[in-house]
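Participant: Got a structure here, written out as structure tokens. Questions coming.
Protein chains in written order, with our numbering: chain A, 282 to 521; chain B, 282 to 521.
Below, the structure is given as structure tokens:
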């Protein structure tokens, strides 16, 4: 069985201008790997409808799942929901189920559910709501696209709501082995190892610390037996 | 004058598997913004030749500059240079100028310049080398694509070598104003402000801290006078 694939679309000028350091990509990558879903591509685009719509169409066609972050709040630059609707030619309007969630929340907060806040109840037809235990305004899933907030605590909470509903594959397991040799000395034997185990992904991540050259060699795969076998071979090649 | 555009391509399985948290995107975004170059898109792809080549072609056509990070070391998974060559149908081989740099470096280190290390001297025809003061193995620029290492300290050093040679635009200036009101109360006046100043980018970044709701409103643009004018209007709308 091949593991399902996924892509992520990060939406927001604040990431591209360097004002904000994205935290959601790293979180999503770790979570998907645990669940056996292969994150194959990430794109970051600005708050530009044409760019968002084009990316959504391409990624939705190319991968089993697409996760978006950002642009679903109440302000004028929150255009993600409308772009998703347009990407799939789906009608979009204020939906009763989403409005009810917001109404209950703002009643509790003793704040008015004004026009701006009501924008957060704009959900494309046919979408399923994603629960937001942090600040209530829901995300949604339309087709294979999961639309979530950009604020990391909310993104993480929404992802936790979505992930259990997705069919994962064999979890990707990784083992790391530290070799205190220059990367140029490691390269040839490592290439041979990668050639001998085509089902595994073998990466070499060099470090240089206190004048010491070395590399962390990471072997990734879904077959524990194969992984162990490669690791034994690696340790024989570079004894500790 | 419109500012030049740019895109970034991050190459590496380790980012997509969640093993490594990318640091280069945030650094590049900040540096480009200072120089008046608009970073419009970032893509992250795995160590897969087809994915790298397709992304390079698309981004190189779409933007004035492309910056890549990752995949230029000596190991089997370092395939960026060959992919760039293929993307532009340029021949690639071990180049004398790059070999001389490596030879001098490894002589000093009393380490052999073996086949693996020599791979780092594979540079496409027509490319200009990018200086690497950290670990010597050079990056390169081919057409409008600047190819740099993934290790953050080396990426940053290479970027510092490249940036002064690029023609920037008006630096993008930003001003931030903190409003201690819920985002839903801010949205309508902010939308009107954005409408009144179409040349400025106005973003709203909510926070929630110790039970306090608020948002940082960030106004970005290249015209200081216009920025000040918008900021005065904003402060009048939401007095401190």
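Each residue gets a CB set at the ideal place from its N, CA and C atoms; glycine is no exception.
1) Compare the beta carbon distance of residue 325 of chain B and residue 291 of chain B with 8 Å and say whether it is the shorter of the two.
2) Just how far apart, CA to CA, sit residue 296 of chain B and residue 468 of chain B?
3) Taking the C-alpha atoms as reference points, what is the distance between residue 222 of chain B and residue 373 of chain B?
4) Between the beta-carbon of residue 409 of chain B and the beta-carbon of residue 472 of chain A, is there less than 8 Å?
5) Locate the beta strand (DSSP E) running through residue 319 of chain B, then write down its first and last residues.
6) Taking one C-beta from the region 353-369 of chain A and one from the region 421-436 of chain A each time, how about it: are there three or more such pairs within less than 8 Å?
7) Helix, strand or coil for residue 416 of chain B, going by three-state DSSP, please let me know.
8) Run the CB neighbour count on residue 517 of chain A, radius 10 Å, all protein chains shown included, and call it buried at 16 or more, exposed below.
9) Kindly indicate which three-state DSSP category residue 489 of chain A falls into: helix, strand or coil?
10) Give a yes or no on whether the minimum CB-CB distance between residue 485 of chain A and chain B is below 8 Å.
11) Look up residue 334 of chain B in the DSSP assignment and say whether it is helix, strand or coil.
12) To test your reading of the DSSP string, which unbroken beta strand (DSSP E) runs of 3 or more residues are found completely within the region 433-488 of chain A?
13) Under the three-state reduction of DSSP, which class applies to residue 395 of chain B: helix, strand or coil?
14) Distance, Cα to Cα, residue 339 of chain B vs residue 393 of chain A?
15) Express the C-alpha separation of residue 396 of chain A and residue 300 of chain B in angstroms, rounding to a whole number.
16) Helix, strand or coil for residue 314 of chain B per DSSP?
17) For residue 436 of chain A, count neighbouring Cβ atoms within 10 angstroms of its own Cβ and tell me buried if that reaches 16, exposed if not.
18) Which residues of the region 371-392 of chain A have a Cβ closer than 7 Å to any Cβ of chain B? Give them in chain order.
19) Would the beta-carbon of residue 461 of chain B fall within 8 Å of that of residue 431 of chain B?
20) Starting from residue 395 of chain A, find everything on chain B with Cβ-Cβ shorter than 7 Å and list it in chain order.
21) Do you know offhand how far residue 245 of chain A's Cα is from residue 521 of chain B's?
22) Closer than 7 Å, Cβ to Cβ, to anything on chain A: give me those residues from the region 310-324 of chain B, in chain order.
23) Does the CB of residue 355 of chain B have a neighbour CB from chain A at under 8 Å?
24) Quick check: what's the CA-CA separation for residue 438 of chain A versus residue 289 of chain A?
25) Between the Cα of residue 505 of chain B and those of B:482, B:446, B:321, spot the shortest distance and give me the residue it belongs to.
26) Indicate whether residue 401 of chain B and residue 353 of chain B have their beta-carbon atoms separated by less than 8 Å.
27) Taking only beta-carbon positions, decide if residue 515 of chain B is within less than 8 Å of chain A.
28) With distances taken Cα to Cα, identify the nearest neighbour of residue 311 of chain A among B:511, B:514, B:294.
29) Using a threshold of 8 Å, state whether the C-beta atoms of residue 442 of chain A and residue 415 of chain A are closer than that.
30) Buried or exposed for residue 342 of chain B, going by 16 or more other Cβ atoms inside 10 Å?
31) What would DSSP say about residue 301 of chain B, mapped onto helix, strand or coil?
32) Taking the alpha carbon of residue 403 of chain A as the point to measure from, which residue in A:363, A:413, A:387, A:440 has its own alpha carbon closest?
33) Could you compute how far the alpha carbon of residue 522 of chain A sits from the alpha carbon of residue 287 of chain B?
34) Over the uninterrupted beta strand (DSSP E) stretch that includes residue 288 of chain B, give me the two end residues.
35) Give the residues of chain A in contact with residue 518 of chain B, contact being defined as C-beta atoms less than 9 Å apart.
36) Quick one: what's got a C-beta closer than 7 Å to residue 407 of chain A's C-beta in the same chain, skipping five residues either side?
Facilitator: Once the coordinates are examined:
1) Locating residue 325 of chain B in the second chain gives position 44, where the first residue counts as 1. Locating residue 291 of chain B in the second chain gives position 10, where the first residue counts as 1. For residue 325 of chain B and residue 291 of chain B, yes; Cβs fall inside 8 Å.
2) Taking the second chain and counting its residues from 1, one reaches residue 296 of chain B at position 15. Taking the second chain and counting its residues from 1, one reaches residue 468 of chain B at position 187. When rounded, the distance between both Cα atoms is 35 Å.
3) Only positions 282 to 521 of chain B appear in this structure, which leaves residue 222 of chain B out of reach.
4) Here residue 409 of chain B refers to the residue found at position 128 of the second chain. Here residue 472 of chain A refers to the residue found at position 191 of the first chain. Not closer than 8 Å, so no.
5) Position 38 of the second chain holds residue 319 of chain B. Run containing residue 319 of chain B: 319-326, per the beta strand (DSSP E) assignment.
6) As far as the Cβ criterion goes, the region 353-369 of chain A touches the region 421-436 of chain A, which means the pair count is three or higher.
7) Within the second chain, the letter at position 135 stands for residue 416 of chain B. DSSP, read as helix, strand or coil, puts residue 416 of chain B in coil.
8) Locating residue 517 of chain A in the first chain gives position 236, counting from the first residue. Residue burial is scored here from C-beta neighbours: residue 517 of chain A has fewer than 16 other C-beta atoms within 10 angstroms and is therefore classed as exposed.
9) Position 208 of the first chain, counting from 1, holds the residue named residue 489 of chain A. It is a strand residue.
10) Along the first chain, one-based indexing puts residue 485 of chain A at 204. Output row for residue 485 of chain A: interface = yes.
11) In the second chain, the residue the question calls residue 334 of chain B occupies position 53. The three-state secondary structure of residue 334 of chain B, taken from DSSP, is helix.
12) Taken in chain order, the complete beta strand (DSSP E) segments of 3 or more residues contained in the region 433-488 of chain A are 454-460.
13) Working through the second chain from its first residue, we reach residue 395 of chain B at position 114. Secondary structure at residue 395 of chain B: coil, using DSSP grouped into helix, strand and coil.
14) Here residue 339 of chain B is taken as the residue at index 58 of the second chain, counted from 1. Here residue 393 of chain A is taken as the residue at index 112 of the first chain, counted from 1. Between residue 339 of chain B and residue 393 of chain A, the C-alpha separation is close to 46 Å.
15) Here residue 300 of chain B refers to the residue found at position 19 of the second chain. Here residue 396 of chain A refers to the residue found at position 115 of the first chain. The straight-line gap from Cα to Cα measures roughly 42 Å.
16) As a first step, residue 314 of chain B must be located in the second chain, where it is residue number 33. For residue 314 of chain B, the three-state secondary structure derived from DSSP is helix.
17) Sequence index remark: in the first chain, residue 436 of chain A carries index 155 (1-based). Under a 10 Å Cβ-count criterion, residue 436 of chain A is classified as buried, with 16 or more other Cβ atoms of the shown protein chains found around its own Cβ.
18) Near chain B, meaning a CB-to-CB distance below 7 Å, the residues of the region 371-392 of chain A are 392.
19) To locate residue 461 of chain B, count along the second chain from 1; it is residue 180. To locate residue 431 of chain B, count along the second chain from 1; it is residue 150. No, these two residues do not count as a Cβ contact at 8 Å.
20) Counted from its first residue, the first chain places residue 395 of chain A at position 114. The answer, in chain order, is 465.
21) For chain A, the structure presents residues 282 to 521; residue 245 of chain A sits outside this window and is missing.
22) From the region 310-324 of chain B, only 310, 311, 314, 320, 321, 322, 323, 324 have a Cβ closer than 7 Å to chain A.
23) As a working mapping, residue 355 of chain B is identified with position 74 in the second chain. Yes, because at least one Cβ of chain A sits closer than 8 Å to the Cβ of residue 355 of chain B.
24) Sequence index remark: in the first chain, residue 438 of chain A carries index 157 (1-based). Sequence index remark: in the first chain, residue 289 of chain A carries index 8 (1-based). When rounded, the separation of the alpha-carbon atoms in residue 438 of chain A and residue 289 of chain A is 16 Å.
25) As a working mapping, residue 505 of chain B is identified with position 224 in the second chain. The shortest C-alpha separation from residue 505 of chain B is found at B:482.
26) Counting from one through the second chain, the residue named residue 401 of chain B turns up at place 120. Counting from one through the second chain, the residue named residue 353 of chain B turns up at place 72. With respect to the 8 Å criterion, residue 401 of chain B and residue 353 of chain B are classified as neighbours on the basis of their beta carbons.
27) If you number the second chain from 1, residue 515 of chain B lands on position 234. Output row for residue 515 of chain B: interface = no.
28) By 1-based counting over the first chain, the position of residue 311 of chain A is 30. For residue 311 of chain A, the closest C-alpha among the options B:511, B:514, B:294 is that of B:294.
29) As a first step, residue 442 of chain A is located in the first chain; it is residue number 161 there, counting from the start. As a first step, residue 415 of chain A is located in the first chain; it is residue number 134 there, counting from the start. It is not a contact, given that the beta carbons lie outside the stated cut-off.
30) Residue mapping note: residue 342 of chain B aligns to position 61 of the second chain, counting from 1. With fewer than 16 other Cβ atoms within 10 Å, it is exposed.
31) Here residue 301 of chain B refers to the residue found at position 20 when the second chain is read from its first residue. Assigned with DSSP and collapsed to three states, residue 301 of chain B falls in coil, not helix or strand.
32) One-based indexing of the first chain puts residue 403 of chain A at position 122. Comparing alpha carbon positions, the residue from A:363, A:413, A:387, A:440 closest to residue 403 of chain A is A:363.
33) Nothing in the structure corresponds to residue 522 of chain A, since chain A is present only between 282 and 521.
34) Here residue 288 of chain B refers to the residue found at position 7 when the second chain is read from its first residue. Counting along the chain, the beta strand (DSSP E) containing residue 288 of chain B begins and ends at 286-292.
35) The residue labelled residue 518 of chain B in the question sits at position 237 within the second chain. None at all; the shortest Cβ gap to chain A is about 14 Å.
36) Residue mapping note: residue 407 of chain A aligns to position 126 of the first chain, counting from 1. Excluding residues within five positions, the ones whose Cβ falls inside 7 Å are 371, 423.
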